[in-house]
Amino acid sequence: MALNGKTAVVTGAAMGIGKAIVEILLQNGAKVAILDMNETIGHCLVETLTKEHGPDRAMFLFCDVESEDELKAAFQKTIETFGGIDILCNNAGVFNEVTWEKTITINLMGTIKGTYLALEHMNKLTGGRGGVIINVASMAGIGPLSCCPVYTATKHGVIGFTRSFAAASVASGYGIRINALCPGFVQTDLFSAIQSKLGQFSAMAGATQELIEKLGVLTIQDFTAGLTALLLKVTCLTENHL
Ligand SMILES: NC(=O)C1=CN([C@@H]2O[C@H](COP(=O)(O)OP(=O)(O)OC[C@H]3O[C@@H](n4cnc5c(N)ncnc54)[C@H](O)[C@@H]3O)[C@@H](O)[C@H]2O)C=CC1
Ligand SMILES: CCCCCC(=O)/C=C/C=C\C/C=C\C/C=C\CCCC(=O)O
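So this is what it looks like as structure tokens:
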């Protein structure tokens with residue numbers, strides 16, 4: 001299988017898009033560390049995945065991406081258990097225009113913290129073996145959304161950070177491939193709660209609903225089907241292409 005022998009870390013991976021990414025990675029041979037704050041769902045997911053894929057393929061690690069110490073500890077545990085980290089997916093994210101500072105800390109700063117920790121481990125210039133980073137942004141990182149200026153800013157930030165880090169990686173020779181993923185609407189818990197988290201922009205609820213109807217909403221199954229080939233293309237490149 002394409003990802004045999006590779007180890008992946010996925011943040012915010014107990015459910016939704018993160019869980020879908022975990023399943024694709026496992027189906028293609030990788031070992032996966034599932035980082036999330038929801039311990040109950042995380043442990044339950046590992047139990048199910050172990051039945052499907054066999055023992056020692058997936059482990060749950062409690063980690064709030066707002067905490068650099070928890071991220072560091074989770075990376076360290078993954079390295080001790082699986083022997084290294086080849087793939088990092090910074091997926092953890094929230095949609096909340098009320099507690100907007102937290103939206104920035106999780107969506108943007110969590111992605112930056114994860115990327116910098118992966119750099120410490122993967123950087124070929126400092127003895128690492130290279131690797132792949134995938135940052136989950138959004139279509140909201142490409143254009144303006146009147147209902148959620150802060151969420152939109154975080155996703156623009158993730159794209160800008162990813163593009164700049166990619167340029168730094170190429171220029172310096174880190175041996176790290178980094179990409180941003182920009183999904184449209186996907187039927188997850190985050191999607192279901194959008195209208196209740198608009199805060200001072202709740203007057204935009206109607207326009208938001210119109211946009212959702214115009215663009216449509218992918219089921220998680222359709223999203224997974226569409227993502228599989230793309231994810232393999234990004235994660236399977238040989239080191240010559242990095
Ligand atoms: N669902 C959608 O329509 C879209 C979602 N996205 C992005 O995809 C990513 C995943 O979103 P969904 O799966 O929809 O969300 P979700 O709410 O269904 O799942 C998010 C997961 O992240 C975890 N999480 C939240 N805060 C965390 C933190 N501080 N540290 C660690 N884990 C944390 C949650 O416990 C949960 O398991 C987010 O970055 C989101 O912005 C992008 C485009 C569209
Ligand atoms: C409304 C809250 C969204 C939360 C979940 C999420 O991230 C979903 C985003 C889906 C779509 C965003 C839609 C439009 C963004 C604006 C412009 C995109 C322009 C694309 C282009 O090709 O020009």
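Numbering of the sequence shown is given in UniProt numbering, commencing with residue 1 and proceeding in unit increments.
Beta carbons: idealized from backbone N, C-alpha and C, even for Gly.
Distance cut-off 7 Å: residue i Cβ against heavy atoms of ligand 1
i, result
"S146", "no"
"C44", "no"
"N107", "yes"
"I17", "yes"
"T188", "yes"
"V136", "yes"
"M37", "yes"
"E66", "yes"
"F161", "no"
"N96", "no"
Residue i versus the options, residue with shortest Cα-Cα distance
i, options, result
"A58", "S202, K77, A153 and T103", "K77"
"A20", "F201, T188 and C44", "T188"
"T11", "A203, T103, W100 and M37", "M37"
"N135", "E101, L3, A13 and A2", "A13"
"G128", "M15, D64, I79 and K113", "I79"
"F82", "T105, D69 and D56", "D56"
"I133", "A140, G42, F165 and S202", "F165"
"L45", "G16, V234 and E70", "G16"
"N179", "F201, T103 and L88", "L88"
Ligand 2 heavy atom lying under 7 Å from the CB of residue i
i, result
"G184", "yes"
"L139", "It should be noted that the sequence gives Met, not Leu, for residue 139. At least one heavy atom of ligand 2 is nearer than 7 Å to the Cβ of M139, so yes."
"F223", "no"
"L71", "no"
"I194", "yes"
"T111", "no"
"T208", "yes"
"residue 244", "Coverage of the chain is limited to positions 1 through 242, which leaves residue 244 absent and any answer about it impossible."
"I142", "yes"
"L218", "no"
"Y174", "no"
"F165", "no"
"L211", "yes"
Alpha-carbon spacing of residue i relative to residue j, whole angstroms
i, j, result
"T154", "L119", "21 Å"
"L218", "L61", "28 Å"
"A137", "F223", "15 Å"
"A23", "F161", "At residue 23 the sequence reads Glu, which differs from the Ala that was named. Approximately 27 Å between the Cα atoms of the pair."
"G157", "A30", "29 Å"
"F191", "T40", "21 Å"
"residue 244", "V32", "Residue numbering for the chain in the displayed model covers 1 to 242; residue 244 lies beyond these limits and cannot be assessed."
"P144", "E210", "15 Å"
"N48", "G54", "Per the sequence presented here, residue 48 reads as Thr, with Asn not at that position. Approximately 10 Å between the Cα atoms of the pair."
"G131", "A203", "44 Å"
"T105", "E66", "6 Å"
"C236", "L25", "11 Å"
"N28", "A229", "11 Å"
"L198", "A140", "15 Å"
"P183", "I85", "25 Å"
"K6", "V234", "13 Å"
"N91", "G18", "6 Å"
Anticipated Cβ contact below 8 Å, residue i with residue j, distance rounded
i, j, result
"G216", "F185", "7 Å"
"K72", "L117", "6 Å"
"K113", "E68", "5 Å"
> How do the stretch 166 to 175 and the stretch 115 to 134 stand: do at least 3 beta-carbon pairs fall below 8 Å, yes or no?
Replying inline: Three or more beta-carbon pairs drawn from the stretch 166 to 175 and the stretch 115 to 134 are found closer than 8 Å, and the two stretches are therefore classed as touching.
> Is it a yes or a no for the stretch 145 to 153 touching the stretch 90 to 97, going by three-plus beta-carbon pairs under 8 Å?
Replying inline: Output reads yes: the stretch 90 to 97 touches the stretch 145 to 153.
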